[in-house]
Amino acid sequence: MKLVTAIIKPFTLDDVKASLEQLGVLGMTVSEVQGYGRQKGHTEVYRGAEYAVDFVPKLRIEVLIDDAAVEKVLDAVVEAARTGKIGDGKVWVTPVETVIRVRTGERGSDAL
Amino acid sequence: MKLVTAIIKPFTLDDVKASLEQLGVLGMTVSEVQGYGRQKGHTEVYRGAEYAVDFVPKLRIEVLIDDAAVEKVLDAVVEAARTGKIGDGKVWVTPVETVIRVRTGERGSDAL
Amino acid sequence: MKLVTAIIKPFTLDDVKASLEQLGVLGMTVSEVQGYGRQKGHTEVYRGAEYAVDFVPKLRIEVLIDDAAVEKVLDAVVEAARTGKIGDGKVWVTPVETVIRVRTGERGSDAL
Ligand SMILES: Nc1ncnc2c1ncn2[C@@H]1O[C@H](COP(=O)(O)OP(=O)(O)OP(=O)(O)O)[C@@H](O)[C@H]1O
Ligand SMILES: Nc1ncnc2c1ncn2[C@@H]1O[C@H](COP(=O)(O)OP(=O)(O)OP(=O)(O)O)[C@@H](O)[C@H]1O
Ligand SMILES: Nc1ncnc2c1ncn2[C@@H]1O[C@H](COP(=O)(O)OP(=O)(O)OP(=O)(O)O)[C@@H](O)[C@H]1O
Ligand SMILES: [Mg+2]
Ligand SMILES: [Mg+2]
Ligand SMILES: [Mg+2]
Chain A
1 MKLVTAIIKP
11 FTLDDVKASL
21 EQLGVLGMTV
31 SEVQGYGRQK
41 GHTEVYRGAE
51 YAVDFVPKLR
61 IEVLIDDAAV
71 EKVLDAVVEA
81 ARTGKIGDGK
91 VWVTPVETVI
101 RVRTGERGSD
111 AL
Chain B
1 MKLVTAIIKP
11 FTLDDVKASL
21 EQLGVLGMTV
31 SEVQGYGRQK
41 GHTEVYRGAE
51 YAVDFVPKLR
61 IEVLIDDAAV
71 EKVLDAVVEA
81 ARTGKIGDGK
91 VWVTPVETVI
101 RVRTGERGSD
111 AL
Chain C
1 MKLVTAIIKP
11 FTLDDVKASL
21 EQLGVLGMTV
31 SEVQGYGRQK
41 GHTEVYRGAE
51 YAVDFVPKLR
61 IEVLIDDAAV
71 EKVLDAVVEA
81 ARTGKIGDGK
91 VWVTPVETVI
101 RVRTGERGSD
111 AL
């Protein structure tokens, strides 16, 4: 299994979520973060105002998936999160050794 | 070393924490997240009210441990976080290559 | 590529950020967490007041970097985050299989 983590612009969440649901992804976890990329010092537009500060509010999305789903999930997230403007975000994949569904105790793909 | 991450119902935190302490786990990190699993569209009970919205408040717990402790820690977290109702959460394990304790500079198991 | 995650005292963020920028690290993600280490039950000083509770506010820093940068980045974070008092934090390294820059679709080192 894999964990796909994405840092996205907050207003793209609905599109990212809809794309993942269409692929059959069964769940996701979202948290509020702040960050910056290559334009630090420069400005990024957030809610119509220019941000001169370094840290811009973003959302972190985490999705546990089967290995076979990785490429489809990456494509879906990147397409849904892309606006074409700077600050659209990063997506990365990390290996996961075990997943457990707490209620049932199931492990592995059955636990997703 | 491993990182055990758990998404749990917030009111189970005290039990999860107590179980981990009993095992001798030395520390943990907690953050607020929101998420959904397989019942998206359906409702989940939170603080006595039904949640029709997709995202339900959860806590993310992160625990750095030695490889030898993984199974005991998984059992402890799953047992303490389980209520038997939908939405009890997910627990997963990821590999960690290096851990450093900032104050002392120690690495590896000594840093936990 | 690697993900370096650090749990640090909030007031050290500016120093950690400045150290990473000097190394040429191109971005970072920050979130608010709470945690405890080995002194649970004991007190830790936060904003001049003693914290008797277990959970102390910290920041989680995440930095995606090339493999070749790991040791330099670890040294920079640890040095900048260290005050010499208990609770200075933990830093760990996890493997990352793929990174994508959302706006451009670039992958790998080019995506950082
Ligand atoms: N190297 C990094 N490590 C960790 N997080 C990062 C890194 N780079 C960017 N991020 C996170 O991703 C968010 C969006 O980054 P961003 O899209 O601006 O990257 P970028 O490389 O500058 O691309 P662009 O040129 O399209 O702006 C940042 O606010 C930060 O939270
Ligand atoms: N595939 C997933 N990827 C990332 N996070 C997930 C995933 N599935 C669930 N989660 C997280 O775990 C939390 C709890 O999920 P939940 O326990 O509802 O999973 P489930 O598979 O629907 O199990 P159950 O049938 O017992 O409800 C969600 O709110 C979300 O934060
Ligand atoms: N085993 C652990 N797993 C996950 N997070 C941890 C762990 N230990 C510590 N942390 C996180 O790091 C933060 C700082 O930990 P801390 O620096 O107190 O570690 P420590 O081992 O007690 O070192 P010190 O003796 O210098 O205080 C905690 O508040 C918690 O968020
Ligand atoms: Mg940028
Ligand atoms: Mg569910
Ligand atoms: Mg401590």
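Protein chains in written order, with full-length UniProt numbering: chain A, 1 to 112; chain B, 1 to 112; chain C, 1 to 112.
Cβ atoms here follow ideal geometry from the backbone N, Cα and C, with glycine treated the same way.
Fair warning: this is a prediction, and the values are worked out from it, not measured in the lab.
Given that a residue counts as buried once 16 or more other Cβ atoms are within 10 Å of its Cβ, and exposed if not, what is arginine 101 (chain B)? buried
Just to confirm, does isoleucine 86 (chain C) get its C-beta within under 8 Å of one of the non-hydrogen atoms of ligand 6? yes
For a contact defined as C-beta to C-beta under 8 Å, what are the partners of isoleucine 100 (chain B) on chain C? Leu74, Val78, Lys90, Val91, Trp92
Is there at least one Cβ from chain B nearer than 9 Å to aspartate 54 (chain C)'s Cβ? yes
Threonine 12 (chain C) versus glutamate 106 (chain B) - alpha carbon distance: 20 Å
Neighbouring residues, chain A, relative to alanine 105 (chain C) (Cβ below 7 Å): Residue identity check: residue 105 (chain C) is glycine in the sequence provided, not alanine. Per Cβ cutoff of 7 Å: Val78.
According to DSSP, residues forming a beta bridge with threonine 29 (chain A): A:Glu62, B:Gly35
Going by DSSP, which residues form a beta bridge with alanine 6 (chain A)? A:Ile61, A:Val91
Return yes when at least one heavy atom of ligand 2 lies under 8 Å from the C-beta of glutamate 62 (chain A), else no. yes
Could you tell me whether any non-hydrogen atom of ligand 3 is closer than 8 Å to the CB of leucine 13 (chain B)? no
Against chain C, which members of the segment 9-23 of chain B pass a CB distance test of less than 9 Å? Lys17, Glu21
Residue range of the unbroken beta strand (DSSP E) whose run includes valine 99 (chain B): 98-101
Could you tell me the alpha carbon to alpha carbon distance between valine 16 (chain B) and glycine 27 (chain B), rounded to whole angstroms? 12 Å
List the residues of chain A whose Cβ lies closer than 8 Å to the Cβ of proline 95 (chain C), in chain order. Thr94, Pro95
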